[in-house]
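Quick note on our numbering: the sequence shown kicks off at 421 and runs consecutively. Yeah, the Cβ is synthetic: ideal placement off N, Cα and C, and Gly gets one too. Since this is a predicted model, take the numbers as computed values, not measurements. Input: a single structure, listed below in structure tokens.
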Amino acid sequence: MSHDSTPSPITAQAGTALRGRLRPPGDKSISHRAMILGLLSLGETRIEGLLEGDDVLRTAAAAKALGAGIDRDGEGRWRVRGVGVGGLSDPAGVLDFGNAGTGSRLMMGVVGGHPVTATFDGDASLRKRPMRRILDPLVQMGVTVVEQAEGGRVPLTLRGPREAVPITYDSPVASAQVKSAVLLAGLNAPGVTTVVEAAATRDHTERMLRLFGAHVEVEAIGPGGHGRRIALTGQPTLKATDVVVPADPSSAAFALVAGLVVPGSEVVIEGVMMNPLRTGLLTTLLEMGGDIERLNEREEGGETVADLRVRHSRLTGVAVPPERAPAMIDEYPVLAVAAACAHGTTRMQGLHELRVKESDRLAAVAAGLKANGVPHTVEGDDLVVHGDGAAPQGGGTVETHLDHRIAMAFLVLGMAAREPVTVDDGAMIATSYPAFLADMRALGAALAA
421 MSHDSTPSPI TAQAGTALRG RLRPPGDKSI SHRAMILGLL SLGETRIEGL
471 LEGDDVLRTA AAAKALGAGI DRDGEGRWRV RGVGVGGLSD PAGVLDFGNA
521 GTGSRLMMGV VGGHPVTATF DGDASLRKRP MRRILDPLVQ MGVTVVEQAE
571 GGRVPLTLRG PREAVPITYD SPVASAQVKS AVLLAGLNAP GVTTVVEAAA
621 TRDHTERMLR LFGAHVEVEA IGPGGHGRRI ALTGQPTLKA TDVVVPADPS
671 SAAFALVAGL VVPGSEVVIE GVMMNPLRTG LLTTLLEMGG DIERLNEREE
721 GGETVADLRV RHSRLTGVAV PPERAPAMID EYPVLAVAAA CAHGTTRMQG
771 LHELRVKESD RLAAVAAGLK ANGVPHTVEG DDLVVHGDGA APQGGGTVET
821 HLDHRIAMAF LVLGMAAREP VTVDDGAMIA TSYPAFLADM RALGAALAA
């Protein structure tokens, strides 16, 4: 799907209470990794619940270009016939990742660990996103950056070494993508590749590597044990396995907040991943007084999942500590919407990583709040939102900057605001949540495309 086509504005307005059940799409992080580790395994990996959004389909296309056999059966299951660690082939053309920051960065790690050459590119949004944080450790592992756009951005071409060098990498940023790229490159390196992070980030890569048979050791380090040392033993034989992808908590966030802020609502969100490194938004909303129940906890795809029952609530502003950011980095736009509907002030601290997402999300959220009459300030890397407990004014048009999470967050604002809210383009919502409009309409939301 092209993001350079004619914009598709969408307008949300307050209507009836939201009622019913929904299951959000499969987790994007798990979907990317299942496809990638299926490529690097021997045998056939079967994946149920894969997120069939544009981002993940780009990763699937790249895996196929690197040698995997991939098909989808009539019941929506995906089958990946892998080539094993060390078995990649040079792709015939450019690996076009569209808007997929996660897929492109993880696959750079995969390519960087193999003696192949590949060119990475993407859409206008991806071409603005920094890749130097990925390239720096890969170069230490022996990767050659043959060509790159200014500032280490795509389009860029990587040539992997005959044998990658295992390193110990002290990550300067709290980024699961950086960690994962290094570990994936380390799969084809002899010896042990280690990543040290000062604050624990999403651990889906470590969990899934173990699921496929790799030896990964994780040690809590630093003050309060908040950091992690992750050590991967290289050159394992990964074995194909079956993966059930749990529902994406980042996608569930929109129905979760909508259920809390739209008067009279009661919604059940099914099968949401409860990984503690992904539940920062849930923790914050509970602190704000959200009426949220965890039901039917169970295991799916190596992760704990639960159904969430959400009821309209009187929310109160809170301070969100900076150390919580890695566990909810994609959810701050919709948290800002909850804060706009709450009583009192919500201060979200330490949001520097929001500046390098699909857009400068901190600036985009602030602009969207301003357009809709929500009092707020940006103080350094903190976003401060002032709510009075009443429905936000609304009435504005939000510039999304090709960012799916900005679009969905402000459509949720429109469901609770006094006046309709329009987002300038909703086409890119399909990158992570193709059925968003249909799902929200089924609950009773008034959305006009």
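Quiz item: In its own chain, which residues sit with a C-beta less than 7 angstroms from the C-beta of G864, not counting the 5 before and 5 after it?
Solution: The residues G435, T436, A437, L438 and R439, in chain order, have a CB closer than 7 angstroms to that of G864 in the same chain once the five nearest residues on each side in sequence are set aside.
Quiz prompt | Close beta carbons around E719, own chain, < 8 angstroms, minus the five adjacent residues each side | solution = When the five nearest sequence neighbours on each side are left out, the beta carbons in the same chain lying within less than 8 angstroms of the beta carbon of E719 are those of V725, in order along the chain.
Quiz item: Going by the CB atoms, is the gap between V638 and R622 shorter than 7 angstroms?
Solution: For R622 and V638, no; Cβs fall outside 7 angstroms.
Exercise. Tell me whether G816 sits in a helix, a strand or coil according to DSSP, three-state version.
Key: Judged by DSSP in its simplified three-state form, G816 adopts coil rather than helix or strand.
Quiz item: Three-state secondary structure (DSSP) at R718?
Solution: The three-state secondary structure of R718, taken from DSSP, is strand.
Exercise. Have a look at G710 and R549 and give me their C-alpha separation to the nearest angstrom.
Key: Using only the alpha carbons, I get a separation of about 34 angstroms.
Quiz item: Which one of R775, T817, A827 and A810 has the shortest CA to CA distance from L803?
Solution: Sorting R775, T817, A827 and A810 by C-alpha distance to the C-alpha of L803 places R775 at the top.
Practice problem: Check Y853 in the structure and name its three-state DSSP category. | Solution: Coil at Y853, not helix or strand.
Quiz prompt | Under the three-state DSSP convention, the category R698 falls into | solution = Note: R698 maps to coil in three-state DSSP.
Quiz item: Between the Cα of A420 and the Cα atoms of D662, A760 and Q769, which residue gives the shortest distance?
Solution: Residue 420 lies beyond the range of the chain shown here (421 to 869); nothing can be said about it.
Self-check item: Reference V688, options V730, L658, T657 and L701, closest by Cα
Solution: Answer by Cα proximity: V730.
Quiz prompt | Status (buried if at least 16 other CB within 10 Å, exposed otherwise) for R698 | solution = The residue is buried, with at least 16 neighbouring Cβ atoms inside 10 Å.
Exercise. Quick one: give me the first and last residue of the alpha helix (DSSP H) that I456 is part of.
Key: Counting along the chain, the unbroken alpha helix (DSSP H) around I456 starts and ends at K448 to L459.
Quiz item: The alpha helix (DSSP H) with T537 in it runs from where to where?
Solution: Per DSSP, T537 belongs to no alpha helix (DSSP H); it is in the beta strand (DSSP E), T537 to D541.
Exercise. Please report how far the alpha carbon of L631 lies from the alpha carbon of G764, in whole angstroms.
Key: Approximately 45 angstroms between the Cα atoms of the pair.
Self-check item: Per-residue burial, A850 [other beta carbons within 10 Å of its own, 16 or more giving buried]
Solution: Here A850 is buried. Its C-beta has 16 or more other C-beta atoms within 10 Å.
Quiz item: Since Q871 is in the alpha helix (DSSP H), which residue starts that stretch and which ends it?
Solution: Any property of residue 871 remains undetermined from this structure, which presents the chain solely from 421 to 869.
Quiz item: Taking C-beta to C-beta, are L546 and N519 nearer than 7 angstroms?
Solution: Yes, these two residues count as a Cβ contact at 7 angstroms.
Practice problem: Identify the continuous beta strand (DSSP E) that holds L477 and give its terminal residues. | Solution: Segment D474 to A485 is the alpha helix (DSSP H) holding L477; no beta strand (DSSP E) there.
Self-check item: Any beta strand (DSSP E) of 3 or more consecutive residues that is wholly inside the segment 606–692
Solution: Taking only runs of at least 3 residues, the beta strand (DSSP E) segments lying wholly in the segment 606–692 are 612–617, 636–641, 647–653 and 662–664.
Quiz item: For A584, does the three-state DSSP call read helix, strand or coil?
Solution: Correct three-state label for A584: coil.
Quiz item: Alpha carbon to alpha carbon, what distance is there between V602 and G645?
Solution: Straight-line Cα distance between these residues: approximately 22 angstroms.
Self-check item: Outcome for N716 when other beta-carbon atoms lying within 10 angstroms are tallied against a minimum of 16
Solution: Per the 10 Å Cβ criterion, exposed.
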